[in-house]
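Chains as they are written, first to last, in this note's numbering: chain A, 1 to 292; chain B, 1 to 138.
C-beta: ideal position from N, C-alpha, C; glycine also.
Every value quoted in this text rests on a predicted model; they were computed, and no experiment measured them.
Set out below in structure tokens:
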């Protein structure tokens, strides 16, 4: 009968092996299969059981909820809407009612909300433009020069630093890869124009080597050695400022010497300066002079 | 005239002006209307940066001597000529002006806030809209 339905032939032993596999949970299913003498065939003891449901553990489901909560923070973005829809589908398959959660349930993860930042509404458009390789036109206001500019950008990546978002790409106006703060961007429009890929663009430079987004002119990746006094040192140990951060020496007084390997930026200068006399740079000499 | 359904952008088109406070940034032919994006930077002339307004009678004109197409709308600045007060001498304002559609062809356009201007008005002359520089919007 099965052979007729599927228009395929099976051996009895093959069918028996498959049923055994389904019952024993080799595929994570543990199908409640029983044999009916009256019907002379196999059936699911639990009529709601389906091999099409996704076998997720409590922990896996919990992590999905947490991820959904995190993405909700980026409210207003269709990225999160799509994700929520996807989670709903998975949960529907599991017959978990996410629409009517526990009344006491609230987001247990709270982070600073970048969605409140000016320009964050363009995040999705810029991500999509980068993914689909469509150049964008936008108006940019430069805080330093106090001047507007109409920019055409071939977007390569978006980067967050200190809870601010930046778009990085090849600027037709500047004829080089540039960084623009989303907070200074107005009305981006997607263009039907050939995408320019700058061969010199190195994503690692922006995501790994650069501390922040605004490199200091003429400075390359280098070793920076600094000393942090007493309590502040523990903060630096607990929260490294860069993935390259290493402890060089613990002093008896509690002072700690650190090193990082970065491309120095305006943000690094600002961050070092904000610690005042609690932070001391010993290498390189030029930075030591700047921080004094 | 057959209206184009496609939208075209002219980024930082060439032009002449005596106005130093306001920059003409983009011209967009949106099919049904023409949009002009502009940016204004406050100056230290006034204590708190002063104010900015755009005359209700502002128009664009395709050269030579085309019809005067009166402004039909604004974004981020009052349409009725009401002043927008700037907050400081370092304040800025990005805004857009909307006019009826103009044909999609290489041409020069004037944007006139006040004819026979003394120099303080937002008058932009010979805005160059070259088809070769137009970028189609998606």
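Item, Value
"For residue 213 (chain A), which three-state DSSP category applies?", "coil"
"Spell out a yes or no on whether the region 229-244 of chain A and the region 276-284 of chain A are touching, meaning 3 or more CB-CB pairs, one atom from each, closer than 8 Å.", "yes"
"With a threshold of 7 Å on Cβ separation, who are the neighbours of residue 55 (chain B) within its own chain once the five nearest residues in sequence on each side are excluded?", "81, 113 and 114"
"Would residue 138 (chain A) and residue 151 (chain A) qualify as a contact pair, given that the criterion is a beta-carbon distance under 8 Å?", "yes"
"Report back the beta-carbon spacing between residue 161 (chain A) and residue 267 (chain A) to the nearest angstrom; my notes put them in contact at under 8 Å.", "7 Å"
"Please specify which runs of the beta strand (DSSP E), each continuous and at least 3 residues long, are wholly inside the region 232-266 of chain A, giving them in chain order.", "246-250 and 256-262"
"Among the residues of its own chain, which have a CB less than 6 Å from the CB of residue 14 (chain B), if the five just before and after it don't count?", "128"
"State yes or no: is the C-beta of residue 196 (chain A) within less than 8 Å of the C-beta of residue 154 (chain A)?", "yes"
"Of the residues that make up the region 48-65 of chain B, which ones have a beta carbon closer than 7 Å to any beta carbon in chain A?", "none"
"I need the straight-line Cα distance from residue 205 (chain A) to residue 249 (chain A), nearest angstrom please.", "28 Å"
"Going residue by residue through the region 166-214 of chain A, where are the continuous alpha helix (DSSP H) segments of at least 4 residues, counting only ones entirely within it?", "none"
"When DSSP builds the beta bridges, which residues end up paired with residue 110 (chain B)?", "B:61"
"Is residue 21 (chain B) close to chain A? Criterion is C-beta to C-beta, closer than 8 Å.", "no"
"If we require 3 or more residues per run, which beta strand (DSSP E) segments fall completely within the region 109-158 of chain A?", "136-142"
"From residue 283 (chain A) to residue 269 (chain A), what distance separates their C-alpha atoms?", "13 Å"
"When the Cβ atoms of the region 16-25 of chain B are set against those of the region 70-80 of chain B, are three or more pairs found closer than 8 Å?", "no"
"Note down, in chain order, every chain B residue with its Cβ under 7 Å from the Cβ of residue 152 (chain A).", "11"
"Would you report the Cα separation of residue 33 (chain A) and residue 60 (chain A), rounded to the nearest angstrom?", "26 Å"
"Taking one C-beta from the region 215-228 of chain A and one from the region 246-263 of chain A each time, how about it: are there three or more such pairs within less than 8 Å?", "yes"
"To the nearest angstrom, report how far apart residue 288 (chain A) and residue 178 (chain A) are at their CA atoms.", "28 Å"
"Alpha carbon to alpha carbon, what distance is there between residue 6 (chain A) and residue 31 (chain A)?", "21 Å"
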